[in-house]
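All residue numbers for the sequence shown refer to full-length UniProt numbering, where the first residue is 1 and numbers rise by one.
The beta carbon of each residue, even a glycine, is placed where N, CA and C say it ideally should be.
Note that the structure is a prediction, hence the values are computed from the model and not measured.
What follows is one structure encoded as structure tokens, with my remarks underneath.
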Amino acid sequence: MTISNVTAHTDDPTLSRKRSMSCCCLTQYVSTLVIIFILLLSLVFGLGNLLTKEYNPKLEINSFKVVNLNLSSRPNQISADWNVQMNLKNMDSHGYLKFSHIQISINYNDEMIAVTNITSFVASPKDPPKHLGEEFSGSTGYMKDSIIINLSQGIRDGIVKFDIKFEAKVKKSYHNLWFKFIHPWNCYEDYLGNCKNVELFFGTSDVSMGQMMNDHHQCKFEQVQSSDSFRFPPYYGYGYGYGYRYGYGYGYGYPGCVYRYGYGYPGCV
């Protein structure tokens, strides 16, 4: 009799239904907790990103001049004395910006016709705009016939449009604790300030001299992908690196922002 009672008790459909409902409720409860946790986490990170929104630097050209401009057809070369005056302002209130490996170039029809490098500097959000004034001269290498012909025609017409590029490695130093949590590693990144269609006026009798027509020219400043043309200073690093080298152990190279493993967290080496 005891055995039959246990069997009957085990096969009781009411008990099976209760167990099934309990399991279902437990599953729904756990799922609800997971969803709430994910929503809260998304809300926290969303608000954090909103409060710590990054702003790119503001770059503008105040003056752009050229004198002693000479176009040679044998060989095809361009020589001149250039003068570029810029202002750069750190618009990100969360920390300092360190600029290094800075290159300013003058381009015509996507061809670089002049370039110079300037020294590193640090821009604080509390500082006034950083004035960058550069005078540089020199001759280009061989230029295509179309560059010489089009530039000559533009000078005769009185207006020539140039593109001025400000390229640099930028490292951000945050004083906001939440921002440091959002960005646990801090490394150099490629930035480009692109000042397109800067007009030079050649309206005088001296066609070797031109001057910017407007009082100032706004530039677009943004982060770009890493390029082999700009490299970091040499370093010794430990771990697995993804960039200009890959390996385990101590290595010497010019990486991008690489990850390291060994202390349980990623970072820049």
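- Looking from the CA of CYS219, the closest CA among TYR174, LEU88, GLN103, SER79 belongs to LEU88.
- Here HIS101 is not bridged, per DSSP, to any residue.
- In this structure, ILE102 sits away from ASN83, with a CB-CB distance that is not shorter than 8 Å.
- Contact check for PHE202 and ILE155: beta-carbon distance about 5 Å, within the 8 Å limit, so the pair qualifies.
- Collapsing the DSSP output to three states places VAL30 in a helix.
- Taking the CA atoms as reference points, PRO57 sits about 5 Å from MET91.
- PHE166 is positioned such that its CB atom lies no closer than 8 Å to that of MET112.
- For the set LYS65, ALA123, ASN214, the Cα lying nearest the Cα of GLY133 is the one of LYS65.
- Between HIS217 and VAL198, the CB-CB gap stays under 8 Å.
- Non-local C-beta neighbours of LYS161 in its own chain, meaning closer than 6 Å and more than five positions away in sequence, comprise ASN197, GLU199, ordered along the chain.
- In the structure shown, the three-state DSSP call for PHE221 is strand.
- The Cβ atoms of ILE164 and ILE106 lie closer than 8 Å to each other.
- Per DSSP, the continuous alpha helix (DSSP H) segment holding ASP157 begins and ends at 145-157.
- With respect to PHE136, ALA114 sits close: the two C-beta atoms are nearer than 8 Å.
- In this structure, GLY158 lies away from LEU69, with their beta-carbon atoms at least 8 Å apart.
- Going by beta carbons, LYS172 and GLY95 fall inside the 8 Å limit.
- THR140 counts as buried, since at least 16 other C-beta atoms from the protein chains shown sit within 10 angstroms of its C-beta.
- Under the DSSP assignment, TYR142 falls outside any beta strand (DSSP E); it carries neither an H nor an E label.
- Take the alpha-carbon of TYR108 and the one of VAL67: they are about 16 Å apart.
- Across the set LYS144, HIS131, VAL34, GLY138, the C-alpha of LYS144 shows the shortest separation from the C-alpha of ASN76.
- Collapsing the DSSP output to three states places SER42 in a helix.
- A straight line joining the alpha-carbon of GLN223 with that of ASP81 spans about 30 Å.
- Per DSSP, THR116 is one residue of the beta strand (DSSP E) stretching across 111-118.
- In this structure, the straight-line span from the alpha carbon of GLY193 to that of ILE104 is close to 9 Å.
- The Cβ atoms of SER79 and GLY138 lie closer than 8 Å to each other.
- Taking all protein chains shown into account, PHE221 has 16 or more neighbouring C-beta atoms within 10 Å of its C-beta and is therefore buried.
- According to the DSSP assignment, LYS196 belongs to the beta strand (DSSP E) that extends over 189-201.
- Bounds of the beta strand (DSSP E) holding ASP81 are 76-89.
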